[in-house]
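Offset between the sequence shown (1-based) and the working numbering: plus 51.
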Amino acid sequence: MLRHAIAPARFFSQVPNEILRHPRLSSDAVRLLTWQLSLPDDAKDPLSKTARQAGIGKCAFNRAKGELKREGYLHEWRQQGVRGLWSTVQLVSNVPLKPEQALVLRDGAPVGGNPAAGEPTGRTVGRHPEEPVLENTPHHPETPPETEAPEAPAATEAGRQLIATIMDLEPRLRVPRGILPQLAALASAWMEAGHTPGGVRAHVRRSLPGPKQPIHKPGGLLRYILSDVPPAPVEEESRCPGPVQPRIAQLRECEGVHTQARLFRPEGDEEFCGECLRGRVPDGVARL
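Here it is, written out as structure tokens:
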């Protein structure tokens with residue numbers, strides 16, 4: 052293939068061949084990058100404005116922008132200004148950059164601050180004493196008094212059996228052997244507080260995640276669930292009413308003379324019904 056190229060005398064940009072021949076950059080991505088690199092140093096045009104000037108559509112622009120990001124030629128950051136407004140900072144380069152390298156270029160080299168006002172002063176601490184010290188002056192800080200750590204509850208056989216039954220609740224609760232004594236001690240604390248094994252198992256079952264969620268550290272989860280021992284629930288008295296006595300049990304048979312046995316509801320210890328007490332026996336009733 053024959054080529055004819057005249058080197059421009061002015062208005063030209065030097066673009067590496069790696070960009071022009073990049074196998075993973077499309078023509079739109081190369082055009083965006085070279086357009087941005089050809090702008091003056093004080094230009095602040097974003098890539099979206101360059102895409103409009105170059106006649107690149109929205110979909111092609113987003114695709115080209117993603118290619119430049121993946122290859123390290125474009126880096127973006129979202130930052131909030133002093134007045135609370137958010138803005139996007141873009142950095143393009145003619146060589147691929149890693150994120151940490153791009154951060155260094157974005158922030159720039161640190162500059163020295165303004166010196167403090169006033170004359171320089173000497174150090175206020177760290178000087179030698181003016182007079183010789185003839186006795187030892189240790190500078191070691193006072194050690195705080197050692198506080199005795201609370202004793203961990205001892206594991207009981209009931210606690211070990213309870214942990215074994217808890218592990219059988221779910222296949223996901225397979226804990227390593229090293230944490231079993233600690234879990235048994237926590238379960239023993241629940242038993243000493245008055246909880247029943249069934250209540251502890253119900254509490255653990257309620258605290259587990261959903262059946263479709265994995266448990267990555269079952270030992271730590273059980274330790275967290277059993278670490279806080281609430282007070283044991285007080286057994287409520289049975290609210291079932293007692294046996295209902297039949298209404299006839301509240302009645303009493305009158306001791307008076309009646310054709311048939313007459314029942315009445317006494318108000319006290321009386322043995323005669325009201326008619327007998329008032330002498331109002333109906334006519335036709337045989338008297339013995």
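Note that CB positions come from ideal geometry on N, CA and C, so glycine has one too.
- Task: Identify which residue in Val143, Ser258, Ile299 has its Cα closest to the Cα of Pro317.
- Result: The shortest Cα separation from Pro317 among Val143, Ser258, Ile299 belongs to Ile299.
**Glu118 versus Arg75 - alpha carbon distance** = Rounded to whole angstroms, Glu118 and Arg75 show a C-alpha spacing of 7 Å.
* Asked: Looking at Ser239 and Ala283, is the spacing between their C-beta atoms short of 9 Å?
  -> Ala283 is not a Cβ neighbour of Ser239, given a cutoff of 9 Å.
Quiz item: Is DSSP giving Glu208 helix, strand or coil here?
Solution: DSSP places Glu208 within a helical segment (H, G or I) once states are collapsed to three.
| message | Tell me which residues share the same chain as Glu306 and place their Cβ nearer than 7 Å to its Cβ, disregarding the 5 neighbours each side in the sequence. | response | Correct list, in chain order: Glu322, Phe323.
Just the C-alpha distance for Gly135 and Ile266, rounded to the nearest angstrom, thanks. Their backbone Cα atoms lie some 41 Å apart in a straight line.
Under three-state DSSP, which class holds Glu127? If DSSP states are grouped into helix, strand and coil, Glu127 belongs with the strands.
Have a look at Gln152, Leu125, Leu273 and flag the residue whose alpha-carbon is nearest the alpha-carbon of Val140.
Checked all of Gln152, Leu125, Leu273; the closest Cα to Val140 is Leu125.
- Taking the Cβ atom as the reference point for each residue, do Pro248 and Thr216 lie within a distance shorter than 9 Å? Yes, Cβ-Cβ distance for Pro248 and Thr216 is below 9 Å.
Going by C-alpha distance, which of Pro97, Ala60, Arg121 is nearest His73? Selected option, being the one with the closest Cα: Arg121.
- prompt: Considering only residues of the same chain and omitting the five flanking positions on each side of Pro59, which have a CB-CB separation below 7 Å?
  reply: Closer than 7 Å at Cβ, skipping near neighbours: no residue.
With Gln233 as the anchor, note down where its alpha helix (DSSP H) starts and where it stops.
Gln233 -> alpha helix (DSSP H) spans 231-243.
Under a three-way DSSP split, which group does Ser311 fall into?
Residue identity check: residue 311 is Gln in the sequence provided, not Ser. Three-state result, Gln311: coil.
Tell me the residue span of the beta strand (DSSP E) that contains Thr101. In the DSSP assignment, Thr101 falls outside any beta strand (DSSP E) and lies within the alpha helix (DSSP H) extending over 98-105.
Using only the alpha-carbon positions, how far apart do His246 and Leu237 sit?
Taking the straight line from one Cα to the other gives about 12 Å.
Put Val255 into one of helix, strand or coil per three-state DSSP.
Looking at Val255 - three-state DSSP - the assignment turns out to be helix.
Exercise for review: Quick one: residues in its chain with C-beta nearer than 7 Å to the C-beta of Leu302, no 5 flanking neighbours on either side, listed in chain order?
Suggested key: Cβ within range, chain order: Leu314, Phe315, Arg316.
Worksheet item: Per DSSP, Arg303 is paired with what?
Response: Per DSSP, Phe315.
Quiz item: What's the C-alpha gap between Ser64 and Ala102?
Solution: Their Cα atoms are separated by approximately 19 Å.
(request) Using the Cα positions of Leu213 and Ala235, report the straight-line distance between them to the nearest angstrom. (result) Rounded to the nearest whole angstrom, the CA to CA distance from Leu213 to Ala235 is 8 Å.
- Using DSSP bridges, identify the partner residues of Thr139. Looking at the DSSP assignment, Thr139 forms a beta bridge with Arg129.
Output the distance between the C-alpha atoms of Val66 and Asn145, rounded to the nearest integer angstrom. Taking the straight line from one Cα to the other gives about 7 Å.
(message) If distances are taken between C-alpha atoms only, which option among Asp320, Cys327, Gly319 comes closest to Thr310?
(response) The closest CA to that of Thr310, considering only Asp320, Cys327, Gly319, is found on Cys327.
Exposure label - Ile57; buried when at least 16 CB within 10 Å: Residue burial annotation: Ile57 is exposed, with fewer than 16 other C-beta atoms found within 10 angstroms of its C-beta.
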